[in-house]
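In this note's numbering, the protein residues as written are 716 to 988.
See the structure below:
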């Protein structure tokens, strides 16, 4: 087993950048030891991504599109999952995925229905609707786009230098359908950050598993999070602390709501008197 020292850095900000409108941008990067850039890209664009990443509930349809050499392009309809502390939910979406093998990049962009998906078979949209998710109903989000970049890096172990390491960068932009009021704006940002954290955690675990010689993916589920797979210790500590902070935030929002309700009730009684 390798002794990995994977380190995650993540930041988010609300932005009004041109072309994005009102939205949230999340920038994150993760260093992977014992995994080169091509191997990391292979994990990210694995056709069985739902068995690796917990935020991909299931893949409903994948349609390849014409692309230049060393490029791959496809339209994917899937059911995603978001989490915020003990809260969770699913959503349907269709995305265009463009992979550049030479540059080790993967660009993802949510595509609008129905005009941009006229080439997609109707049965795929029917499966999306039958799953209980409507790709046309985006809720608070009006779309998103992102780009993964795998950068080769040198690693040093036992006094020897090796190129079998990389740093994975992600820039993820989410467009909002409306400007959320306080404190919902922070909650929306935390939902976006939580999805990215889960993806990087699953990426690190899958890279660690593959570098150990196994090629059979393990479903990213609650049983796996309970100890079914090897963990990356530094990431575990980071995410455990983040979950505790989210629970405290949820408890604080609930207490604030109950306090406001009590004050309004008391004020109403005094006014009647």
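Quick reminder that beta carbons are idealized off the backbone N, C-alpha and C, glycines included.
Check, Outcome
"Collapsed DSSP secondary structure at residue 975 in the structure displayed", "helix"
"Residue span of the beta strand (DSSP E) that contains residue 767, given as start and end", "Neither: residue 767 is in no beta strand (DSSP E) and is coded neither H nor E."
"Residue 851 classed as buried or exposed, judged by whether at least 16 other C-beta atoms fall within 10 angstroms", "Low per-residue confidence applies at residue 851: pLDDT is 45, beneath 50, and the placement is therefore not dependable, though the value from the model is reported in the following sentence. Looking at its Cβ environment, which holds fewer than 16 other Cβ atoms inside 10 Å, residue 851 is exposed."
"Beta carbon of residue 882 nearer than 7 Å to that of residue 746", "yes"
"Cut-off 6 Å between Cβ atoms - residues of its own chain near residue 884, not counting five sequence neighbours on either side", "744, 864"
"Close Cβ partners of residue 796 (< 6 Å) along its chain, the five nearest in sequence each way excluded", "770, 772, 805"
"Close-in-space but distant-in-sequence residues of the same chain around residue 798 (CB under 6 Å, 5 per side omitted)", "909"
"Boundaries (first-last residue) of the beta strand (DSSP E) holding residue 822", "820-825"
"Cβ neighbour criterion (16 or more within 10 Å) applied to residue 921", "buried"
"Closest residue to residue 742 among 970, 861, 869, 926 (Cα-Cα distance)", "861"
"Counted within 10 angstroms of its Cβ, other Cβ atoms place residue 979 as buried (16 or more) or exposed", "exposed"
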